[in-house]
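K.L.:
Residue numbers (the numbering used here): 191 to 320. I'd like to ask you about the structure that follows.
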């Protein structure tokens with residue numbers, strides 16, 4: 191399960207970095223996503239949604255780093271988060287193809303993380319049966 195714990199750690203570090211970025215440099219995040227905030231309230235809501243969600247993901251997943259008995263549960267959570275993002279992105283793309291290459295890069299990133307998740311699972315059925 192070393193690789194599974196490594197994958198959880200990698201994602202927690204990434205999630206924490208995104209959360210801190212959204213919390214302390216919200217305009218930079220919005221600009222990177224091509225979104226314009228029209229009020230301070232909009233910036234605060236983005237900070238709450240993005241930073242709060244990613245910090246929450248870290249909190250839910252970090253148990254699998256510290257306790258080997260919780261590693262499988264954390265991997266299931268990681269899989270669920272990434273599967274939800276991929277599913278949502280595919281539904282959003284049904285409305286029209288993106289003009290920005292970043293959307294397709296994000297899809298590739300989400301698919302690669304799902305692939306890494308499958309590599310960590312001793313067998314897919316043993317993890318999904320928990």
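Don't be surprised by glycine CBs; every beta carbon is placed ideally from N, CA and C.
Would you report the Cα separation of residue 286 and residue 222, rounded to the nearest angstrom?
P.N.:
Looking at the two C-alpha atoms, the distance is approximately 20 Å.
K.L.:
Cβ of residue 254 within 7 Å of Cβ of residue 297?
P.N.:
No, the Cβ-Cβ distance between residue 254 and residue 297 is not below 7 Å.
K.L.:
Taking the alpha helix (DSSP H) that residue 222 falls in, what are its first and last residues?
P.N.:
Residue 222 -> alpha helix (DSSP H) spans 216-223.
K.L.:
Residue 233 and residue 241 - do their beta-carbons sit closer together than 7 Å?
P.N.:
No. Outside cutoff.
K.L.:
In this structure, how does DSSP classify residue 236 when only helix, strand and coil are distinguished?
P.N.:
Residue 236 falls in the helix class under three-state DSSP.
K.L.:
Would you tell me roughly how many angstroms separate the C-alpha atoms of residue 261 and residue 277, rounded to the nearest one?
P.N.:
Their Cα atoms are separated by approximately 24 Å.
K.L.:
Does the distance from the C-beta atom of residue 209 to that of residue 245 stay below 7 Å?
P.N.:
Against a cut-off of 7 Å, the Cβ pair of residue 245 and residue 209 comes out as a contact.
K.L.:
What span of residues does the alpha helix (DSSP H) with residue 241 cover, start to end?
P.N.:
Careful: residue 241 lies outside any alpha helix (DSSP H) and carries neither H nor E.
K.L.:
Taking only three categories from DSSP, how would you classify residue 248?
P.N.:
Helix at residue 248.
K.L.:
Short of 6 Å in beta carbon distance, which residues of its chain neighbour residue 204, apart from the five on each side in sequence? Order them along the chain.
P.N.:
Closer than 6 Å at the Cβ level, and outside the excluded window around residue 204, lies no residue.
K.L.:
What number of angstroms, rounded off, separates the C-alpha of residue 267 from the C-alpha of residue 250?
P.N.:
C-alpha separation (whole angstroms): 8 Å.
K.L.:
Going by CA-CA distance only, name the one from 280, 220, 256, 301 that's closest to residue 269.
P.N.:
Considering only alpha carbons, the answer is 301.
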